[in-house]
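Single-structure report; data block below.
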Amino acid sequence: MNYLIKNAVATIEPQLLDTVEAVSHSMENAAKDIRISKGIIVEMGLGLPLHPNEVLVNASDCVVYPGLVNTHHHLAQSVLKGIPAGLNSDLGHWLAEVPFRFWPHIDPQLMYDAAILGLAELLRSGATTCCDHHYLYHASVTPEIEDALWQAASDIGMRLVLCRGGATATGSHKGLQKAAITPETISQMLNRLDDTRSRYHQAGPNGMRRLVVAPTSLIHSTKAEDLKTLAAYARNYDLKMHSHLLEVDFDEQQCRNLYGKSAVAYAQGCDWLGEDVWFAHLVKASSQDINLLAKSGTSISHCPTSNCRLGSGIAPVVAMREAGMNITLGVDGSASSESASMIQELNLAWLLHRSGHGANATRATQVAQWGTQNAAKLLGLDAIGALSVGKAADLVLFDISHFRYWGMHSKSVAPIIAGEPVSVKTCFINGKLVIDDGNIKGINLADRQTSLLQGLARLKQKVGDF
Ligand SMILES: [Zn+2]
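Last residue of the sequence shown: 557 (the working numbering), numbering continuous.
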């Protein structure tokens, strides 16, 4: 199917993201029409004529963005929102009381429904790509849980980057101890990585299914020798690498105690820094850490909502940006970030750092770049993350006709500076229409709700009251 998007209020083109000023001026000069043929943006401009074989998409109440790219999530947590025991807990207690209490008991059907729910929430907020840090692995795991995740992404039509988590050591991880599961051996993990890679991984600039090597916690889930083995495996197959790091002080304390060095220096010693690596959080990164991360080309997935929710702190992304680090954004799992909204992360990232660094600290255009281009670059998904001719049609139309946008004079960045709720009228992923007139096409949400409630009843039988 070919499409012509007509008369957009504004389109977020790369030149707009490259400027930090003159949002209105850039908007006036931006293309209003986008022609899509065979899944590719083939023409952009003003007054483009509708061709006979094209479907018209009226964008006269919309601003058009590249699809947002979420670089850190835990889709399994979509059914663990607001668990009372973890509502006022810090990370360590929350890990033990919430995700690790429940995840060994999540069955494939509930995993599927949780993934559909989480992906639908992301789609609704403007995301087209989800990096899911999936860690439901143990010594005797079977492939069905992971398969459910791939199936959900395929059914809803969303691009999934599976950051394959798991542990090869129980170590100091309170969560793993609480879950009382046996971690995989390194050879089990490698064999299963091989299996997933051969069945699902798509290389290339627009892969819809990607595999990333991603032990759950760099410090607490595995040993130095295993990290080196995993890094060598990833680089041998040109896979990216991801993990949690420095969300709280515990990582640094453990590294100093166990290895006599900083957590980032430990990562470097294990071959876990580089342009193919990104870490979630890095809240506690020091200026020396930032220098090392920047010099090596390592990226951050900044998750401001989750960091606020768990009281972890504010990641020093202003200093990171000044040091030249590549900054991307993630929503983190819904058990610690109940909003599951990429627009909320953009909005909060825009606001939060101003509170400590002044009104000039973050620009809406910059956070738009964090949520699109920077993430696409990190993932090697060069066909997405920007609206320009030759890129994949991977874009969202935010409807700004609602009265909450009346009186708005910076319409191109309105979804970012006004924040939630946003309304996605239309969404294309890899050229395919996934949201049409506000409706997600690939799923029946009412059916999924019924199934999800049944799954939660099964979970309750295993773990008791939530
Ligand atoms: Zn996380």
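Beta carbons are placed, not taken as given, at the ideal position from N, Cα and C, and that holds for glycine. What you are looking at is a predicted structure, and each value in this text was computed from that prediction instead of being measured.
Between I236 and P199, the C-beta gap is smaller than 8 angstroms, which places the two residues in contact.
For D423, the shortest C-beta to heavy atom distance toward ligand 1 is below 7 angstroms. Per the C-alpha coordinates, the member of G498, A537, Q464 positioned closest to A218 is Q464. Between ligand 1 and the CB of H229, the shortest heavy atom gap is not smaller than 7 angstroms. For I96, the CB contacts under 6 angstroms within the same chain, skipping 5 residues up- and downstream, are I125, V148, A150 in chain order. Contact between Q359 and L321 fails: their C-beta atoms lie close to 15 angstroms from each other, not under 8 angstroms.
Fully contained in the stretch 360-414 are the following alpha helix (DSSP H) runs of length 4 or more, in chain order: 378-387, 395-400, 408-414. With a threshold of 7 angstroms, the Cβ atom of A371 counts as near ligand 1, since some heavy atom of the ligand is closer than that.
Going by C-alpha positions, V189 is about 16 angstroms away from L201. Rounded to whole angstroms, the gap between the alpha carbons of I381 and E338 is 14 angstroms. The three-state reading of DSSP puts G136 in strand, counting E and B together.
Annotation: Y94 is outside any alpha helix (DSSP H); the continuous beta strand (DSSP E) that includes it extends over 93-97. Residue pairing for K331: DSSP places it in a beta bridge opposite V303. V515 counts as buried, since no fewer than 16 other beta carbons sit within 10 angstroms of its beta carbon. Taking one beta carbon from each stretch, the stretch 487-503 and the stretch 127-141 have fewer than 3 pairs nearer than 8 angstroms; the two do not touch.
Between the alpha carbons of T220 and F489 lies a distance of about 17 angstroms.
For A484, the closest alpha carbon among the candidates D342, L443, E134 is that of E134. In the structure shown, K532 adopts coil according to DSSP, grouped into three states. As DSSP reads the structure, K523 sits in a beta bridge with I520.
Exposure of G529 is indicated by the presence of fewer than 16 other C-beta atoms within 10 angstroms of its C-beta.
Leaving aside the five residues that flank C153 on each side, the residues in its chain whose CB is nearer than 7 angstroms to its CB run, in chain order, A99, V100, L488, F489, D490, I491, K516. Between G462 and G415, the alpha-carbon positions lie close to 16 angstroms from each other. Distances taken from the Cβ of H335 to the heavy atoms of ligand 1 include one shorter than 7 angstroms. In the structure shown, D317 falls within a helical segment according to DSSP collapsed to helix, strand and coil.
Look at D124 here: in three-state DSSP terms it is strand. Annotation: L182 to E343 spans about 14 angstroms, alpha carbon to alpha carbon.
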